[in-house]
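A.B. asks: This is the structure I have questions about; it appears just below.
Residue numbers (the UniProt record's numbering), protein chains in the order written: chain G, 1 to 119; chain P, 1 to 119.
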C-alpha cells in the first residue's frame with residue numbers, strides 16, 4: 001500500500017533488457033525496464049503484454065508492420081503475436097503482464113532472465 | 001495492436017469519476033479517469049486496483065492513514081482494503097484492474113457506473 005515513484009525506481013538500475021518488478025496485483029506484475037538496441041523475435045503463447053513508454057520512444061516490430069511508441073503512449077501485444085522491440089536510443093518502459101511471463105517468451109537464449117529482481 | 005496515446009484519449013471526455021476503458025489484456029482492463037473532489041469509501045472484495053497518476057496529484061485515504069500520489073507515481077490498493085480517493089484539484093489517472101471491477105466496489109450508489117464506455 002506504499003506508493004511507487006517511477007523516477008526513483010529507474011534511478012536504481014542502468015542495465016538494458018533486464019526488467020525489474022515494482023508491483024504485483026491480480027496475478028500480474030508491474031515491471032520497469034530500460035531498452036536500447038534490438039531485442040530478439042519472440043512471442044508469448046499465454047500472455048498479453050503491455051508496454052507503456054515513460055521516457056523516450058521505441059519501435060515495436062511485428063512480422064507485417066512496425067509501430068512507433070512514444071512517451072505517454074502504450075501498446076498491447078496480444079498473446080501469440082511475434083514481436084521485436086527496437087530502441088535506437090535508450091527508452092524507459094513500464095510493463096504490465098502476468099507473473100508467468102518470460103522476457104524472451106518462446107525464444108530462450110542468453111538474453112532470457114529467469115529470476116527478476118524486485119526493486 | 002494499435003498504440004494508445006493518453007493525451008488523445010483524455011481529450012475525449014471531461015466528466016469526473018467516470019472511468020473509460022482504453023485497453024484489455026489478461027482479463028484486466030486499462031482505464032482512464034479524471035477525478036475531482038471526494039469519492040465514497042468502498043472496497044473491492046476480489047480485486048486489487050492500481051492507480052497511476054498521469055497529471056496532477058490526489059490523496060488516497062485509508063482508514064488509518066493517507067497517501068499522497070503525484071505525477072508518475074502509482075499505488076496498488078489490495079483487495080478488501082477500504083479506500084477513498086480525494087482530489088483537491090482535477091487529477092488524471094490510469095487504472096489497471098480486473099474486468100470485473102466496479103468503480104464503487106461494495107458501496108453501490110448513484111456514483112456507480114455499471115457499463116463503462118470504451119474510447
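Backbone N, C-alpha and C define an ideal beta-carbon position, used for all residues, glycine too.
1) Any chance you could list the beta strand (DSSP E) runs of at least 3 consecutive residues sitting entirely within the stretch 22-70 of chain G, in chain order?
2) Flag this pair as touching only if the stretch 42-52 of chain G and the stretch 32-47 of chain P have three or more C-beta atom pairs under 8 Å; answer yes or no.
3) Which chain P residues sit within Cβ distance under 9 Å of residue 72 of chain G?
4) Return the Cβ separation of residue 142 of chain G and residue 62 of chain G in integer angstroms, given the expectation that the two are a contact with Cβ distance under 8 Å.
5) State the Cα-Cα distance for the pair residue 96 of chain P and residue 66 of chain G, rounded to the nearest angstrom.
6) Once DSSP output is grouped into helix, strand and coil, what is the label at residue 74 of chain P?
7) Classify residue 8 of chain P as buried or exposed, calling it buried when 16 or more other Cβ atoms lie within 10 Å of its own Cβ.
8) In angstroms with no decimal places, state the Cα-to-Cα distance between residue 14 of chain P and residue 20 of chain P.
9) Roughly how many whole angstroms lie between the Cα atoms of residue 54 of chain P and residue 102 of chain P?
10) Alpha carbon to alpha carbon, what distance is there between residue 56 of chain P and residue 10 of chain P?
11) Please list the terminal residues of the continuous beta strand (DSSP E) segment that includes residue 10 of chain P.
12) Are the Cβ atoms of residue 30 of chain G and residue 76 of chain P separated by less than 9 Å?
13) Check this for me: beta carbons of residue 43 of chain P and residue 80 of chain P, under 9 Å apart or not?
14) Thinking C-alpha only, which one of G:1, G:16, G:5 and G:6 is nearest residue 85 of chain G?
15) Nearest chain C C-beta to residue 35 of chain G closer than 9 Å, yes or no?
16) What's the gap between the Cα of residue 26 of chain G and the Cα of residue 98 of chain P?
17) Ordered along the chain, which non-local residues of its own chain (more than five positions away) have a Cβ less than 6 Å from that of residue 59 of chain P?
18) For residue 73 of chain P, which residues from the same chain have a beta carbon less than 7 Å from its beta carbon, with the 5 sequence-adjacent residues on both sides left out?
19) For the beta strand (DSSP E) that residue 94 of chain P lies in, which residues bound it at each end?
C.D. replies: Short version:
1) 28-38, 49-55, 57-61 and 66-70
2) no
3) Along the first chain, one-based indexing puts residue 72 of chain G at 72. Within chain P, the residues near residue 72 of chain G are 5, 6, 7 and 54.
4) Since the displayed chain G opens at 1 and closes at 119, residue 142 of chain G lies outside it and no answer follows.
5) As a working note, residue 96 of chain P is residue 96 in the second chain. As a working note, residue 66 of chain G is residue 66 in the first chain. Computed Cα separation, rounded: 26 Å.
6) Numbered from 1 along the second chain, position 74 holds the residue referred to as residue 74 of chain P. The answer is strand: DSSP assigns residue 74 of chain P an E or B state.
7) Locating residue 8 of chain P in the second chain gives position 8, counting from the first residue. Exposed, by the Cβ-count rule.
8) The sequence position of residue 14 of chain P within the second chain is 14, counting from 1. The sequence position of residue 20 of chain P within the second chain is 20, counting from 1. So the alpha carbons of these two residues sit roughly 11 Å apart.
9) Against the second chain, residue 54 of chain P aligns to sequence position 54. Against the second chain, residue 102 of chain P aligns to sequence position 102. Going from the Cα of residue 54 of chain P to the Cα of residue 102 of chain P covers about 21 Å.
10) Numbered from 1 along the second chain, position 10 holds the residue referred to as residue 10 of chain P. Numbered from 1 along the second chain, position 56 holds the residue referred to as residue 56 of chain P. Using only the alpha carbons, I get a separation of about 13 Å.
11) Residue mapping note: residue 10 of chain P aligns to position 10 of the second chain, counting from 1. Per DSSP, residue 10 of chain P belongs to no beta strand (DSSP E); it is in the alpha helix (DSSP H), 6-10.
12) The residue you call residue 30 of chain G lines up with position 30 of the first chain. The residue you call residue 76 of chain P lines up with position 76 of the second chain. Going by C-beta atoms, residue 30 of chain G is nearer than 9 Å to residue 76 of chain P.
13) Counting from 1 along the second chain, the entry for residue 43 of chain P is found at position 43. Counting from 1 along the second chain, the entry for residue 80 of chain P is found at position 80. Against a cut-off of 9 Å, the Cβ pair of residue 80 of chain P and residue 43 of chain P comes out as a contact.
14) Within the first chain, numbered from 1, the residue matching residue 85 of chain G stands at position 85. With distances taken between Cα atoms, residue 85 of chain G lies closest to G:16.
15) The structure shown contains no chain C; its protein chains are G and P.
16) Position 26 of the first chain, counting from 1, holds the residue named residue 26 of chain G. Position 98 of the second chain, counting from 1, holds the residue named residue 98 of chain P. Roughly 7 Å between the two C-alpha positions.
17) What you label residue 59 of chain P is simply residue 59 of the second chain in a count that begins at 1. Counting only Cβ-Cβ distances below 6 Å, and skipping sequence neighbours, we find 66, 68 and 86.
18) Within the second chain, residue 73 of chain P is the residue found at index 73, counting from 1. Result list for residue 73 of chain P: 53, in chain order.
19) Your numbering for residue 94 of chain P matches position 94 in the second chain. Here the beta strand (DSSP E) through residue 94 of chain P covers 84-98.
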